[in-house]
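Take any residue in the sequence shown, count from 1 to its spot, add 1025: that is its number in my numbering. We put the beta carbon where it would ideally sit given N, CA and C, even for glycine. Since this is a predicted model, take the numbers as computed values, not measurements. Here's the structure we're looking at; comments come further down.
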Amino acid sequence: MEFKKVITTILLELDKHNIPYALIGAVAMGFWGVQRDTIDVDVLVKERDREKVIVLIKSLGYDHVVSSKFADQFSHILKNMGLIDFLYTQREKGIIESSRTFKSGNADIQVALPEDIIGMKLDGIRNNPKREMKDWADIQSIVEIMGDKLDWEKVRHYCKITDMEKAYEKILSFR
């Protein structure tokens, strides 16, 4: 997959259609200096924009592969355009609004904060035990790279709201 091309194409279209988003997952981690292999691009958008996203992504030649209550996955016939996962949030304020802007070529890319990525990883661990090893490895990598630059109160808050308060000590141990 040509990640730069996919990111630029998809995210510029979201901007053009006034759909707020935040890049999440492994590609977002890369913007923060944490490298991990991945086969897809993960994007968080508001639940209220779900239908607009589906229509828009299909208009770009993507097929709707999988749909669930919280996410949609799309694939493109051209392998270099790869897989795109859209996750949906019902919160009016949160990860999308606090995302940071990064320059990628001629595009401004909204990227979730590392603390928010950790929060999503904790939620993933809680909801899908099969992902636990990979998500803990991602959390560890983020903490090792970001260390004291992280907002540790925000990390603690995510541990609390995911009912994983004991995880905070484990996360701290990665520093």
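Helix, strand or coil at residue i according to DSSP, with G and I counted as helix
| i | result |
| --- | --- |
| residue 1151 | helix |
| residue 1163 | helix |
| residue 1033 | helix |
| residue 1081 | helix |
| residue 1116 | coil |
| residue 1040 | helix |
| residue 1092 | strand |
Rounded C-alpha distance that separates residue i from residue j
| i | j | result |
| --- | --- | --- |
| residue 1128 | residue 1134 | 6 Å |
| residue 1159 | residue 1165 | 10 Å |
| residue 1060 | residue 1079 | 29 Å |
| residue 1188 | residue 1072 | 23 Å |
Exposure of residue i, with buried meaning 16 or more beta-carbon neighbours within 10 Å
| i | result |
| --- | --- |
| residue 1199 | exposed |
| residue 1174 | exposed |
| residue 1139 | buried |
| residue 1103 | exposed |
| residue 1141 | buried |
| residue 1186 | exposed |
| residue 1095 | exposed |
| residue 1146 | buried |
| residue 1001 | The question about residue 1001 has no answer here: the residues shown for the chain are numbered 1026 through 1200. |
Beta-carbon proximity list for residue i, same chain, < 6 Å, skipping 5 on both sides
| i | result |
| --- | --- |
| residue 1034 | none |
| residue 1051 | 1061, 1063 |
| residue 1086 | 1101 |
Strand pairing of residue i, partner residues [DSSP]
| i | result |
| --- | --- |
| residue 1070 | 1046, 1113 |
| residue 1128 | 1133 |
Close Cβ partners of residue i (< 7 Å) along its chain, the five nearest in sequence each way excluded
| i | result |
| --- | --- |
| residue 1125 | 1136, 1138 |
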